[in-house]
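Heads up, the thing below is written out as structure tokens.
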Amino acid sequence: MDKDITKKQEDIIKKDIKKEEKIWKDIDNNDSLEYHLDKMTKDELIKIANNYSIKGITSLKKSQLVEKIVSVIVENIDYALDLLDLDAYVYLEEVIKLSGKKQFFSSEIINANYFRNRGIMFTSVSEGKLYAVI
Numbered sequence: 001m002d003k004d005i006t007k008k009q010e011d012i013i014k015k016d017i018k019k020e021e022k023i024w025k026d027i028d029n030n031d032s033l034e035y036h037l038d039k040m041t042k043d044e045l046i047k048i049a050n051n052y053s054i055k056g057i058t059s060l061k062k063s064q065l066v067e068k069i070v071s072v073i074v075e076n077i078d079y080a081l082d083l084l085d086l087d088a089y090v091y092l093e094e095v096i097k098l099s100g101k102k103q104f105f106s107s108e109i110i111n112a113n114y115f116r117n118r119g120i121m122f123t124s125v126s127e128g129k130l131y132a133v134i
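Quick note on full-length UniProt numbering: the sequence shown kicks off at 1 and runs consecutively.
This is how it looks when you write it as structure tokens:
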């Protein structure tokens, strides 16, 4: 029984590690929304689309999905920002003050994931360091 539980825990940890590794992507100096969205998987894009209640997306090609998400984010950014709580707003403000690129610390994972899942901020690796970028 204990071996089964330990095995399940190990499997969960391995899956979590793989999932986390996928969100950290090498980037160049391209800071366009299209660039960052295009580096995401279709499943990640669908998650973003769902956060904006975009319908009829599963049949779209990835490039079409990126275009659709970009237009919806641009049209609704004011609304998305109005929904931020104070902590998220302060975090976003910090990244903006640092020219859109802030070194990432593990204590910031909630904010980074929140913004990433809305296509507002992205996670990246540059010169061996982790960053949150806009």
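Where is the CB? At the ideal position from N, CA and C, for every residue including glycine.
| Asked | Found |
| --- | --- |
| Are three or more beta carbon pairs between the segment 95 to 102 and the segment 42 to 57 nearer than 8 Å? | no |
| Quick one: what's residue 101 bridged to in DSSP? | 133 |
| Excluding five sequence neighbours on each side, which residues of the same chain lie with their C-beta closer than 7 Å to the C-beta of residue 72? | 52, 54 |
| For a quick check, are the C-beta atoms of residue 60 and residue 119 less than 8 Å apart? | no |
| Can you say whether residue 111 is buried or exposed, counting buried as having 16 or more other CB atoms within 10 angstroms of its CB? | buried |
| Using only the alpha-carbon positions, how far apart do residue 122 and residue 46 sit? | 15 Å |
| Please go through the UniProt domain "Rho termination factor-like N-terminal" (36 to 78) and give each complete alpha helix (DSSP H) segment of 4 or more residues, from N-terminal end onward. | 42 to 51 |
| Can you give the Cα-Cα distance for residue 4 and residue 76, rounded to whole angstroms? | 47 Å |
| Return the chain-ordered list of same chain residues with a C-beta closer than 6 Å to the C-beta of residue 91, the five sequence neighbours on each side being excluded. | 111 |
| Within this structure, are the beta carbons of residue 34 and residue 66 separated by less than 8 Å? | yes |
| So what's residue 92 in DSSP terms, helix, strand or just coil? | helix |
| Any idea what DSSP makes of residue 119, helix, strand or coil? | coil |
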